[in-house]
Amino acid sequence: MYIWKIDSIKLLLEEEKMANMFLKIAQNHMGTGHLEANSLKELIRNLFSKMLQPIASTRYPVGSRFRATLERIRGVKVGKHVFLGGGCVLDRAKPQLITIEDYVSLAGNVMILTHSNPT
Numbered sequence: 010m011y012i013w014k015i016d017s018i019k020l021l022l023e024e025e026k027m028a029n030m031f032l033k034i035a036q037n038h039m040g041t042g043h044l045e046a047n048s049l050k051e052l053i054r055n056l057f058s059k060m061l062q063p064i065a066s067t068r069y070p071v072g073s074r075f076r077a078t079l080e081r082i083r084g085v086k087v088g089k090h091v092f093l094g095g096g097c098v099l100d101r102a103k104p105q106l107i108t109i110e111d112y113v114s115l116a117g118n119v120m121i122l123t124h125s126n127p128t
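As structure tokens, then:
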């Protein structure tokens, strides 16, 4: 097992080549963002989530259903018949901590931020 710490990126991976490849991808796409993973599967999911977030929170008229689908892919628990207005930002670091129930409407430019206590 290798533990890598580069610019707030923590990985626990078994193969050095794969770790280096994903670290480079993460650095190129994440900038100063936060990315944490304990497995390769979790790293890929978190990286994919970070790449989808700007599309999901766009102000362009892409449709609320499409936004909700993108947020589900990112890990947000989104119920049925949810409306997400343009520019909504659902937490970038831990989207899996957010639950939006059925028949909820969020106006444009709403920000929902979360945190977790690791202790």
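Numbered as in our numbering, the sequence shown ends at 128 without a single skipped number. For glycine and all other residues, C-beta sits at the position ideal for the given N, C-alpha and C. Predicted model, so just to flag it, every value in this text is computed and none were measured.
Contact check, residue i vs residue j, beta carbons under 8 Å
{"i": "Phe57", "j": "Ser73", "result": "no"}
{"i": "Gly84", "j": "Pro104", "result": "yes"}
{"i": "Leu79", "j": "Leu61", "result": "yes"}
{"i": "Lys59", "j": "Arg101", "result": "yes"}
Element boundaries [alpha helix (DSSP H), containing residue i]
{"i": "Ser66", "result": "First-last for Ser66: undefined, no H or E at that position."}
{"i": "Glu80", "result": "73 to 83"}
Residue from the options whose Cα sits closest to the Cα of residue i
{"i": "Ile82", "options": "Met30, Ala65, Lys89, Val71", "result": "Ala65"}
{"i": "Gly95", "options": "Arg68, Gln62, Glu51, Met60", "result": "Arg68"}
{"i": "Phe75", "options": "Ala102, Cys97, Asn55", "result": "Cys97"}
{"i": "Gly117", "options": "Lys59, Met30, Leu99", "result": "Leu99"}
{"i": "Leu106", "options": "Met120, His90, Lys86", "result": "Lys86"}
{"i": "Tyr112", "options": "Val119, His90, Ile121", "result": "His90"}
{"i": "Glu110", "options": "Leu122, Ala77, His124, Met120", "result": "Ala77"}
Cross-strand partners of residue i (DSSP beta bridge)
{"i": "Ser114", "result": "Phe92"}
{"i": "Leu99", "result": "Ile121"}
{"i": "Ile109", "result": "Val87"}
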